[in-house]
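Quick note: the sequence shown, position 274, residue 700 per the working numbering, numbers continuous.
The beta-carbon is built from N, C-alpha and C at its ideal position, and this holds for glycine as well.
Quantities reported herein were computed from a predicted structural model and do not represent experimental measurements.
Just below is one structure, and these are the notes that go with it.
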Amino acid sequence: MGEHGTGRRAGQSPERNAGHGAGQSRSSGHRTLGVGLVSVGWMGRLHSRAYLAAAQHYPDLPSRARLVVAADPDEGGRAHAVDALGYREAVADYREVLAHPDVDVVSICSPNFLHHEIALAAIAAGKPFWIEKPMGRSAAESSAIARGAAQAGLVTAVGFNYRHAPAVARARELVRGGALGEITHVRVSLLADYSADPAGALTWRFLRARAGSGVLGDLLSHGADLAQYVVGRISSLTGQTRTFLTERPLPSAGAASHFSRGAEGGPTGAVENEDYASALVRFDSGAVGTLESSRVSIGPRAEYALEVYGTRGSLRWDFQRLNELQLADSPDGYRTVMAGPDFPGFSAFQPGAGTSMGFDDLKTIEAALFLRSVAAGRQLAPSAADAWAAAEIVDAIERSAESGSWVDVPAVEGETTVDR
Ligand SMILES: NC(=O)c1ccc[n+]([C@@H]2O[C@H](COP(=O)([O-])OP(=O)(O)OC[C@H]3O[C@@H](n4cnc5c(N)ncnc54)[C@H](O)[C@@H]3O)[C@@H](O)[C@H]2O)c1
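This is the structure:
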């Protein structure tokens with residue numbers, strides 16, 4: 427691995443992260459980074475596809491990923507990793523991934539309760555990692571990961587994929603460039619129905635010890651990141667949470683996904699975290715706004731919407747219409763602008779406006795940012811500090827929901843991409 431391929435930031439000792447498996451690709455001259463994956467669920471499969479797609483969408487990428495080893499205790503996941511995703515081997519225990527001599531970077535796509543343990547182990551092994559959100563089950567776990575990675579000089583990436591949508595990236599440019607005037611108020615609402623069916627199984631997502639919070643960590647953490655990425659830091663808030671479906675059927679044996687149904691007429695268990703959360707927020711800038719999220723809303727399927735209002739104009743974006751930006755830059759109201767090659771990131775995927783990008787493409791952008799970060803030893807992808815910042819908002823909503831008061835959101839240390 428050469429001088430830019432250490433995955434450490436400038437000034438860090440290169441020998442601690444020699445990248446044993448990294449090599450020069452014989453055909454292209456690009457560096458090769460060996461990928462180790464932990465957990466072959468929805469996100470693990472998507473990370474794997476994204477690493478490979480990144481090389482095709484970005485021929486200028488300084489490094490190419492090679493899928494080396496995947497870990498999952500589920501036999502079906504291991505078979506899928508080798509047969510369909512193209513990993514050279516699959517193992518049951520994630521420790522074998524971290525210890526593998528050909529693994530240079532790690533994707534952590536496990537259920538939330540393992541993130542802290544695996545991330546700290548990746549830090550101890552000196553391996554840069556791309557971790558899914560919520561990074562920790564709490565702000566305390568997230569800060570330990572972010573601080574550990576910073577102290578070790580490791581670059582990171584976090585699964586805040588929605589910020590990569592070209593229309594969101596354009597929204598940030600417009601807001602930060604002053605096109606909307608002074609930002610007055612912001613609405614971020616992430617309403618989904620993935621848990622609306624009462625027959626949905628009591629998977630790890632509904633259990634405190636396994637998931638931490640409920641929809642707060644699962645969806646509202648994305649919303650917190652979107653609000654801060656586009657507008658700026660949230661400094662205080664008052665929040666509320668509710669659990670509407672308090673019992674769910676236990677899952678049948680085997681791996682249960684996001685959308686699994688429990689056995690009919692079988693035993694049930696208690697839902698331990700919230701279905702719904704909302705907050706009134708104040709930004710550092712003086713803007714005010716609301717965050718709201720539900721996993722049990724019937725109607726919106728995955729309506730993840732951002733609205734920003736300013737003294738000279740407004741914009742709104744909804745993930746369900748990923749390629750459209752609603753823009754009101756005149757008194758005549760909103761007009762729809764289709765994302766096209768002039769939007770940030772679009773032209774790597776489609777040649778003309780109106781031909782749509784999709785969810786997986788957002789992950790490809792994230793994979794490319796991670797690979798570039800590792801190659802440059804510089805944080806380009808959403809960082810562990812960004813995930814810590816989102817976790818502080820989640821924790822603040824929980825604290826406020828309990829006390830019924832406004833609470834301050836602690837500022838985080840380290841390098842966030844929000845302020846760049
Ligand atoms: N960025 C996003 O938009 C997004 C979307 C969905 C999920 N996520 C996050 O991704 C993570 C994974 O979610 P998912 O939907 O892929 O979950 P999933 O339920 O589809 O998959 C989880 C996988 O973890 C495996 N697993 C269980 N115990 C394990 C262990 N001890 N070691 C290794 N693997 C183990 C399971 O066998 C399964 O294959 C979560 O943190 C979730 O919040 C992010």
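| Query | Result |
| --- | --- |
| Near residue 831, what residues of its chain come up, given a Cβ to Cβ distance below 8 angstroms and the 5 sequence neighbours on each side ignored? | 664 |
| Which one or two residues does DSSP pair with residue 667 in a beta bridge? | 703 |
| Do residue 832 and ligand 1 come close, with the Cβ less than 7 angstroms from some heavy atom? | no |
| Cβ of residue 563 within 8 angstroms of Cβ of residue 638? | yes |
| In the DSSP assignment, the alpha helix (DSSP H) including residue 779 goes from what residue to what residue? | First-last for residue 779: undefined, no H or E at that position. |
| Leaving out five residues before and five after residue 590 in sequence, what residues of the same chain have Cβ atoms less than 7 angstroms from its Cβ? | 771, 788, 791, 792 |
| Quick one: what's got a C-beta closer than 6 angstroms to residue 593's C-beta in the same chain, skipping five residues either side? | 743, 751, 765 |
| Three Cβ pairs or more, each shorter than 8 angstroms: is that satisfied between the stretch 724-744 and the stretch 601-618? | yes |
| Rounded to the nearest angstrom, how far is the Cβ of residue 669 from that of residue 700, given a contact under 8 angstroms? | 5 angstroms |
| Can you tell me whether residue 529 sits near ligand 1, meaning its C-beta is under 7 angstroms from at least one heavy atom of the ligand? | no |
| Grouping DSSP H, G and I as helix and E and B as strand, with all else coil, what is residue 611? | strand |
| Examine ligand 1 and report whether any of its heavy atoms sits within less than 7 angstroms of the Cβ of residue 553. | no |
| Does the beta-carbon of residue 718 have 16 or more other beta-carbons within 10 angstroms, so that it is buried, or is it exposed? | buried |
| Less than 8 angstroms between the C-beta atoms of residue 586 and residue 541, yes or no? | no |
| Are residue 494 and residue 519 touching if we call contact CB-CB under 8 angstroms? | no |
| Between which two residues does the beta strand (DSSP E) containing residue 555 stretch? | 555-557 |
| Nearest CA to the CA of residue 806: which residue from 747, 688, 837, 842? | 842 |
| Report whether the distance from the Cβ of residue 509 to the nearest heavy atom of ligand 1 is below 7 angstroms. | no |
| Can you tell me the Cα-Cα spacing of residue 471 and residue 774, whole angstroms? | 21 angstroms |
| Could you give the DSSP three-state label for residue 521: helix, strand or coil? | helix |
| Among the candidates 538, 713, 492, whose CA atom is the shortest distance from the CA of residue 635? | 538 |
| Would you mind sorting residue 452 into buried or exposed? The rule is 16 or more other CB atoms within 10 Å of its CB. | Here residue 452 scores only 47 on pLDDT, less than 50, and its place in the model should not be relied on; the value that follows carries that caveat. Flag for residue 452 reads exposed. |
| What three-state label does DSSP hand residue 601 in the structure shown? | helix |
| Is there a Cβ from chain C that is less than 8 angstroms from the Cβ of residue 668? | The structure shown contains no chain C; it is built from a single protein chain. |
| May I ask you to report which of helix, strand or coil DSSP gives residue 692? | coil |
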